[in-house]
Amino acid sequence: MKQKKNSQNDCSFVTKLTYGLGEFPGTLIVSIINFLLMNFLTDYLKIDPIWAGVITFLGIVFDAITDPWAGYLSDNSTSKWGRRRSFMLKFTVPLGISVLLLFCIPQLFTQSSEFLKVLVVLVLYLLYILLITLYKTPYGAIASDLTKDYDTRTSLAAFRTTFIVIATLASVIIPDLLGLSKITPSSGNAFFKMGLIMCILIIVFGLISGFFVKEKNVEHTKQKYSFKKYFIDSLKIKPFRQVCFNFLFTNLCITTINMALIYFLNYYVELPKLFTPIAGGVVILAMFFIPLFSKICKVKSKNFTQNLAAICMIVGLVILIFIPRLGLSYQDGLTTVETSMGASLKAFPWYAYIGVVLIAFGFGAFEMIPYSLMPDAIDFCIDKEHKDEGAYYGVVSFVFKVGKSLPSLFLGLILQICQYQEPNFDESLVNVVQTQSDLARFGIALVFIGLPILFALASILIMRKYNITREKLTSQNQELQGGTNENENNV
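Numbering (my numbering), first residue to last: 322 to 812.
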């Protein structure tokens, strides 16, 4: 297939498309885990929320070791398949299998002690962490090898965000079709089917991207591994540090919302049938906003676009505070709820839909803009001889997974403190949910609304003095082509 390019800096359509495809496996896994892992652990395996949070926290500690190491390996790879995509080809299949195991093997221990259940889940979770690191870190670094152009990177980020949205939508639809919007003791078979479907999708999309997205050949001087260089020193450079913390807070914001959504709808709003239309609606709206984000980025800047989105996100979340309890009746610790999606949509207040649209606007920008900012900042950090993008993307991968993992710790801790009651009723009762105390409902609102607002505000503050512009990036690339890079000291 002939691949046309508009300029020497532009990527072909095929390159952009297959690059975007590579995001699908990682986002599908992370979104499913965000939406369902806590529910799987607390409501199906009956693990205490605090222990469920501890599992993800230990995953973060493990990440601090594996992410810089993965970046080092991809920087120094000499594979004929390319130093980045060779990792995608090697680890896509094991990654898919690890997700299947994560949701299947623990089912064999449902009647075991809590210690054994926690141990089994922890081992499988760390295996998943290792494999997604070896896939996602090189995949992230490949963007810097595709183009150095400011606007082309925005286009790449738009393709990537499109598949983020598609994968997120799949992570909502697949569990719902399998009946996992309401988890019961008989949900084991549905979790197996979900794991199998995910495994197949991860392998197919990952391999297509790995075979067809081709990075440019880069000369590289092999170096010894240094945790200090590959992790600590990377964060000493201001532009990279800014975009990393921005990446952290935007991920914390959207992940906390994703993870707490099912609790918010089930136990705060008391309309569990809204999970699929609300979660799916946000994702679909976010996809339609992508061209608008690209346009604003070109007319104004990436930073301006993200700040606008953060403000919309905050306003949307504030609106949702005012939704009342919408359960039909309360008796014996159970809440009778609407069983029809249509009736649930009708009961949802009109002003709440405005909040959902604003959140969708923020969600889309938070998924797109940070990915576009990252390679720009990294260009101000690398030196011409060594091209250590992998070192920086090792840190990026770590920050990404901290942003995706910490919310489960926050959620588990707050649910435990606020005395969240796990479902404890006959699973044949399809029109009820567990009634939660006012304290538990406050805790759910704190996680779903309060924390994301703080994270969105933090992203605005972090990027307040970020000063990498289109002009500065162009000048930087010209310096790299003609001589040494002095930006580490000057920016």
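The C-beta atom is built at its ideal place from N, Cα and C for all residues, glycine as well.
For LYS623, I'd like the list of residues in its chain whose CB is within less than 6 Å of its CB, leaving aside the five on either flank, ordered along the chain. ILE690, SER693 and LEU694
Look at the Cβ atom of LEU732, then the Cβ atom of TYR584, and state whether they are nearer than 9 Å. yes
Helix, strand or coil at SER661 [DSSP, three-state]: coil
Output the distance between the C-alpha atoms of ARG481 and GLY676, rounded to the nearest integer angstrom. 26 Å
Under 8 Å by Cβ, that's how I've got THR817 and VAL534 pegged, so tell me the actual separation to the nearest angstrom. Because the chain is modelled from 322 through 812, residue 817 falls outside the range shown and cannot be assessed.
Thinking just about the alpha-carbon of each residue, which of PHE484, ASN360 and ILE418 is nearest to the one in TYR853? Since the first residue of the chain shown is 322 and the last is 812, residue 853 is not available in this structure.
Using a Cβ-Cβ cutoff of less than 7 Å, which residues in the same chain neighbour ILE781 once the five nearest sequence positions on both sides are dropped? ASN628 and ALA631
Expressed to the nearest angstrom, what Euclidean distance is found between the alpha-carbon atoms of GLY347 and GLN652? 43 Å
My understanding is that SER419 touches TYR449, with C-beta atoms under 8 Å, so please give their C-beta distance in whole angstroms. 5 Å
Note the first and the last residue of the continuous alpha helix (DSSP H) segment covering VAL375. 370–396
C-beta atoms of VAL493 and SER352 nearer than 9 Å: yes
Measuring CA to CA, which of ALA462, PHE684, GLY392 and LYS786 is closest to THR577? PHE684
Closest by CA to CYS565, which one among SER718, ILE599 and SER615? SER718
Which partner residues of TYR584 appear in the DSSP bridge assignment? Answer is none; TYR584 lacks a bridge partner.
Candidates PHE776, LEU499, ALA668 and ILE495: which alpha carbon is nearest LEU638's? PHE776
Can you list, in chain order, the residues of its chain whose CB lies under 7 Å from that of LEU760, leaving out five sequence neighbours each side? CYS739 and GLN740
Return the residue from the list GLY374, TYR393 and LEU422 that minimises the CA-CA distance to PHE408. TYR393
Proximity to GLY724 [Cα-Cα], best of ILE354, LEU342, PHE334 and LEU416: ILE354
Hey, out of PHE436, ILE617, ALA479 and THR597, whose CA is closest to PHE334's CA? ALA479
By how many angstroms is the C-alpha of MET359 removed from the C-alpha of CYS332? 40 Å
When DSSP labels each residue in this structure, what does SER650 get in the three-state scheme? strand
For VAL620, name the three-state secondary structure that DSSP assigns. helix
From this set, ALA491, ALA462 and TRP671, which residue's C-alpha is nearest GLY601's C-alpha? ALA491
Buried or exposed, going by whether 16 or more other CB atoms sit within 10 Å of the CB of GLU435? exposed
Just list the residues that DSSP pairs LEU655 with in beta bridges. GLN652 and GLN755
Hey, CYS425 and PHE512: beta-carbon distance below 9 Å or not? yes
Of the listed residues GLY663, LEU727 and ARG762, nearest to ILE599 (C-alpha basis): GLY663
So which of THR657, LEU647, ILE487 and LEU641 has the shortest CA-CA distance to PHE769? LEU641
Anyone know if the C-beta pair for PHE643 and PRO670 falls short of 9 Å? yes
Could you name the residues of the same chain whose beta carbon sits closer than 6 Å to that of LEU647, not counting the 5 residues immediately before and after it, in chain order? VAL590, GLU591, LEU592 and ALA668
When the Cα atoms are used, what is the spatial distance from LEU338 to THR626? 23 Å
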